[in-house]
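In what follows, a structure is listed as structure tokens, so that the remarks can point back to it.
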């Protein structure tokens, strides 16, 4: 039995090393930094709000087309061609970043009790769903573009109201990670503010 342990241990170590190298992608160069969305406005700390069950607003993570289901930033070269910004990567999926930004902005600009889809315990009240249609770069105009098709569902689902929001921000330079990330943050904040103004309350 001791002899078997002597031969098995190096084999297991070798297998573990091969498996680990496959998981972390040895040799792949990570981006120099990761991008996120900073809200231009956020709710004040310590502010308490109360709402009846049906008066809450639950903001859902929007759906997105395939080109946005990645942490990379798409660049629309023409009507049919898409590339991605070199060395640019979000810290998480842009749909989740945008949902969080809208939640914080609506909470800051309105008196609504805003819930994340993972927070409500019973009925979610009104629900803001939608599709993040564009969240990248239009190379033809050198602009960052954020387009969001919002869908407000009333408590109980009796009525549905839709509205499209779109903002374009000039990149003002080369299509590189930092200026693109800054332009997309400005555009996303403007869209979030427009959504908050539409929701009111």
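Numbering (the working numbering), first residue to last: 50 to 250.
Positions of the beta carbon are idealized from the N, C-alpha and C atoms, including for glycine.
From a predicted model like this one, the values you see are computed outputs, not experimental measurements.
Per DSSP, residue 239 is not a residue of any beta strand (DSSP E); the alpha helix (DSSP H) it occupies stretches across 226-248. Counting only runs of at least 4 residues, the stretch 122-197 fully encloses the following alpha helix (DSSP H) elements, listed from N- to C-terminal order: 143-158. Contact between residue 155 and residue 161 holds: their C-beta atoms lie close to 6 Å from each other, under 8 Å. Residue environment: residue 225 is assigned as exposed (fewer than 16 neighbouring CB atoms within 10 Å of its CB, all protein chains considered).
At the C-beta level, residue 175 and residue 204 come within 7 Å of one another. Residue state for residue 117 is assigned as helix, using DSSP reduced to three classes. Here residue 108 is bridged, per DSSP, to 165, 177. Around the C-beta of residue 81, fewer than 16 other C-beta atoms lie within 10 Å, and the residue is accordingly described as exposed.
Secondary structure of residue 219 (DSSP, three-state): strand. The C-alpha of residue 165 is placed about 7 Å away from the C-alpha of residue 109. By alpha-carbon distance to residue 106, the top candidate from 177, 200, 142 is 177. Around residue 247, the same chain offers 212 as residues with beta carbons nearer than 7 Å, after the five sequence neighbours per side are excluded.
Assigned with DSSP and collapsed to three states, residue 204 falls in coil, not helix or strand.
Taking all protein chains in view, the Cβ of residue 144 is crowded by 16 or more other Cβ atoms within 10 Å, so the residue is classified as buried. Looking only at 193, 114, 167, the smallest Cα-Cα distance to residue 227 is reached by 193. Annotated three-state conformation of residue 89 is coil, per DSSP. Contact annotation: residue 181 and residue 111 have beta-carbon atoms nearer than 7 Å.
Under a 10 Å Cβ-count criterion, residue 126 is classified as exposed, with fewer than 16 other Cβ atoms of the shown protein chains found around its own Cβ.
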